[in-house]
Amino acid sequence: MLGLDFITRNFFGNLNERKLKPYAKRLERINALEPEFEQLTDEQLRAKTDFFKQQYAEGQNLDDLLEPAFATVREAARRTLGQRHFDVQLIGGMALHDGKIAEMKTGEGKTLVATLPCYLNAITGRGVHVVTVNDYLALRDSKWMGQVHAALGLTVGCIINDIDDDARLAAYQADITYGTNNEFGFDYLRDNMKLSPSQMVQRDHAYAIVDEVDSILIDEARTPLIISGPVEDKTELYTAVDKLIPDLRDEDYEIDEKTRTISLTDEGNDKVEVWLHEKGLMDEQSSIYDIGNVTLVHHVTNALRAHKLFARDTEYIVRNNQVILIDEFTGRMMEGRRFSDGLHQALEAKENTFIQPENQTLASITFQNYFRLYDKLSGMTGTASTEADEFMDIYGLDVLEIPTNTPVAREDHDDEIYRTLEEKMNAVIDLIEDCRGRKQPVLVGTTSIEKSEALADMLKKKKIPHNVLNARYHEQEAQIIAQAGVPGAVTIATNMAGRGTDIQLGGNLDMRLATEIDTDLAEDKAQALTAKITQEVETAKQEALAAGGLCVVGTERHESRRIDNQLRGRSGRQGDPGRSHFFLSLEDDLMRIFGTDRMDGMLQRLGLQEGEAIVHPWINKALERAQKKVEARNFDIRKNILKFDDVMNDQRKVVFEQRLEFMNSENLSDTIEEMRHSVIDDMIAAHIPPRAYPEQWDIEGLSNQINLTFNKDLPVQEWANEEGIAEEEIHSRLIEETDKMSAARAANIGPEIMRQVEKSLMLQILDQHWRDHLLTLEHLRQVVGLRGYGQRDPLSEYKLEGFTLFSNMLDNLRQDVTRLVMTVDVMPEPVDPPKETFESSGGPKQSQEQKQSENSTETQAFGGKIPRNAPCPCGSGKKYKHCHGRAY
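Position 420 of the sequence shown, counting from 1, maps to 420 under the UniProt record's numbering, and the rest follow consecutively.
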């Protein structure tokens, strides 16, 4: 009997085919326009842009303009790049415009596809952001595809790591802006730390296209973007604690490799406690369990994690006396990225490198919440289907599989499973030698630097020439990949995810021309050399094709099927032949951690001899099920992280919106007045309870608080002694008196200067309270998980307490703003504010001047009753006690 799926698929097509059908008619209409557009001059083609902008301004929506706009871009690409969009690329462009994820195989031209929706959406004038995974690709794509947009009269900008704010502002003002996910996210955070709108660089979050969308929105989504500033130096403590760890034995701690967590056993705790006493790090009378030693225990746990969970050349490398993290998904070095909460310092102590000071979080956001700021979001990748549920659940993004331009001819072999690592690696070497004998290029994928270098050593012993691509040789990435398709080439790569550069059989012609032809060479010689290199590449391509195309070799399975698919997808581009093999052993991490006892017994019962492998489709299915379990677990982790971050995100939106409103306002006196009145309301409520008798009033406490806040003795006691006076009368007198004081201060100081002081204080105090609130939420999140043991939902507890903390923060903000505005003495005096250095977790240190708007008069504040830990009103960003308060 035929199943329902079979009937549905045959009569209606599968779900993906049904999603593709609406694009067919639009595709026909775009193709029908091609002859007409081919006849246009370059000037007439460029004039189409102004025509589309006019139509949009007159009420036409972008969907109505899609077909002629896409036809315009196709013709411009043909003229500038010599590349005409395939029909399937037009479909991919339509999917991106509709806010979907276009899954396109490697080599199908995703970079060119993005020009279509970029151009169409740039017509609105709100800007389009194209997000890539590294600076190299952002710069390459902006220059490469920028030719198409420039031919049509659009401007293109590029955001990379080492440009200043002026260059960033210019790049964001362009119609289309290329950049990395880190830079877009950090610019958003930095903008919300600036002191005037003129210093902000981003303008809008209208539309973004995310290249390698699975890498950015899923793989990197577990790590938030953090801008931080240094706190107290604890170098000696890190070093002292680190020396304790090597003396611990296996029975002193427990490791859970599945969740990558570690904790001391009771025996381990007792040992560490004795050692801490002996080293003088903990008071002799105290225990490691005392609440006062929580921070010390945190240092011990981080040191334990650094030694037992993080391996050099796998999770990080040491270069130039620095611990540099390695992206587990791409194998790239993450320059400037640091673990937070002291873990990175623990790694530095372990490796005996320079220990950089700890940092306090100044601003933070997850990639999930940053990219959900965009009105419309879309993405491209070669592998998204396995994570379709997560894309829809978290981002509301539908995944659409775009057909290949020509059928995939790659042959994917079943996995070969060996009992030991040695047997597996011998089989890998045998296959490499076989391929080289037939001049077939080979790409070997490994999961860590350590394993790639171990394989490289084996190849050296066999005298097999090869190239190694990992975090150590990151700089040569483009050159190595460009020549990985040369006949007989052997390339070892660590985690080939999201490289963004095609492996072309015969080698990359453009790369060879760029590197081998000197720009100073005479034109006739350059042409001759170009023809020679072109012929060499074509001959090599035919030789590689005859040998079977690129052979991809996986030396083990990754936790995620996507990473395996990305490696496999490097072969068979644009209909080229190719093949893929994955070799596994029972000693591989995935096989070892996720339970292979039964499989080991099964292999033994089958009488598997040394050097023999088991190959069967059932094994592939079993492995796929194991990977699905890991993916589901990782999805739950990311989802849980997002649920907690959503609590902070709601508060972040309120603070950032309020902050922007303060910056854009010329006069905050009404807001300051509302705050002042609110503070008085709170004072009255705290000292004169509702429906209380006069003898129950705390008039002395009210009088003291009024004096502390407004720096003036008001006759509150006399008012309270008046016959029959009610709390409403005391309230109204306080409002009246403080309003008079405020008006008098403004008149005395000068209304214009007072407005500037109010604005400066408001922003500084808001920033300080927000930073302290972030730290408090961080601590709350660390401890709230323990409440699960008490049958209470940690997330609900976090939401409730987080809301209470936020309310308290706003109350404290009102009090501090009111107190400082009413007590600080101000005198006009130009002062150049010092620079404040911020260190982000995803980039180099950013130096930015904390200054007021250019047309304002700087003010120096001193004297009065400024709390010593409050921000100094001068605008330096320092605490008062470390700035103008030093003299007092």
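Ideal Cβ positions, reconstructed from N, Cα and C, are used throughout, including at glycine. Given the structure is predicted, the values throughout are model-derived calculations rather than measurements.
- According to the DSSP assignment, Y178 belongs to no alpha helix (DSSP H) but to the beta strand (DSSP E) extending over I176 to T180.
- One thing to note: M94 has its Cβ within 8 Å of the Cβ of R26.
- Non-local beta-carbon contacts of F806 in its own chain, meaning distances under 6 Å to residues more than five positions away in sequence, involve Q651 in chain order.
- Excluding its 5 nearest sequence neighbours in each direction, G153 has C-beta neighbours in its own chain below 6 Å: R46 and T49, listed in chain order.
- Per DSSP, N711 has no beta bridge partner at all.
- If only complete runs of 4 or more residues are kept, the UniProt domain "Helicase ATP-binding" (91-249) shows the alpha helix (DSSP H) at 110-113, 115-122, 135-144, 146-151, 165-173, 181-191, 213-217 and 235-242, in order along the chain.
- Only buried fits M145, as 16 or more other CB atoms lie within 10 angstroms of its CB.
- A363 places its beta carbon less than 8 Å from that of N192.
- With a contact defined as Cβ atoms closer than 8 Å, G572 and A409 qualify at about 6 Å.
- In the DSSP assignment, G268 falls within the alpha helix (DSSP H) that extends over D266 to E278.
- Note: I619 is not bridge-paired with any residue in the DSSP secondary-structure output.
- For the pair V130 and E273, the Cα-to-Cα distance works out to about 53 Å.
- When V128, A170, T177 and R78 are compared, the shortest CA-CA separation from D135 is found for T177.
- The shortest C-alpha to C-alpha distance from E267 to any of D250, H277, V201 and G506 is the one to D250.
- Here Y316 is bridged, per DSSP, to R312 and L325.
- Beta-bridge annotation (DSSP): Y253 is paired with L264.
- The beta-carbon distance between L505 and I533, rounded to whole angstroms, is 16 Å. This is too long to meet the 8 Å contact definition.
- Residue burial is scored here from C-beta neighbours: M648 has at least 16 other C-beta atoms within 10 angstroms and is therefore classed as buried.
- With a minimum length of 3 residues, the unbroken runs of beta strand (DSSP E) contained wholly in the segment 535-577 fall at 550-554.
- With a minimum length of 3 residues, the unbroken runs of beta strand (DSSP E) contained wholly in the segment 369-446 fall at 376-381, 399-401, 409-412, 416-418 and 442-446.
- The Cβ-Cβ distance between K424 and L623 does not fall below 8 Å.
- The continuous stretches of beta strand (DSSP E) do not include N667, and DSSP gives it neither H nor E.
- Comparing alpha carbon positions, the residue from T155, L521, A76 and L66 closest to L120 is L66.
- The closest CA to that of C551, considering only A478, C435, A540 and R557, is found on C435.
- DSSP places V486 in the coil class of the three-state scheme, outside both helix and strand.
- Annotation for L800: the continuous alpha helix (DSSP H) segment containing it runs P794 to T823.
- In the three-state reduction of the DSSP assignment, F354 falls in the coil class.
- Cβ contact annotation for A526 (same chain, cutoff 6 Å, sequence separation greater than five): I517, in chain order.
- Excluding five sequence positions before and after T406, the CB atoms of its chain that fall closer than 8 Å to its own CB belong to Q574 and G575, given in chain order.
- Around the C-beta of F710, 16 or more other C-beta atoms lie within 10 Å, and the residue is accordingly described as buried.
- Minimum Cα-Cα distance from D98 among the listed residues T776, F86 and L116 corresponds to L116.
- Judged by DSSP in its simplified three-state form, I614 adopts strand.
- Closest option to N181, judged by alpha-carbon separation, among R260, R819, L668 and M334: M334.
- Note on V428: 16 or more other CB atoms within 10 angstroms of its CB, so buried under the neighbour-count rule.
- The C-alpha of A388 lies about 31 Å from the C-alpha of V156.
- The shortest C-alpha to C-alpha distance from R814 to any of G785, L766 and I101 is the one to L766.
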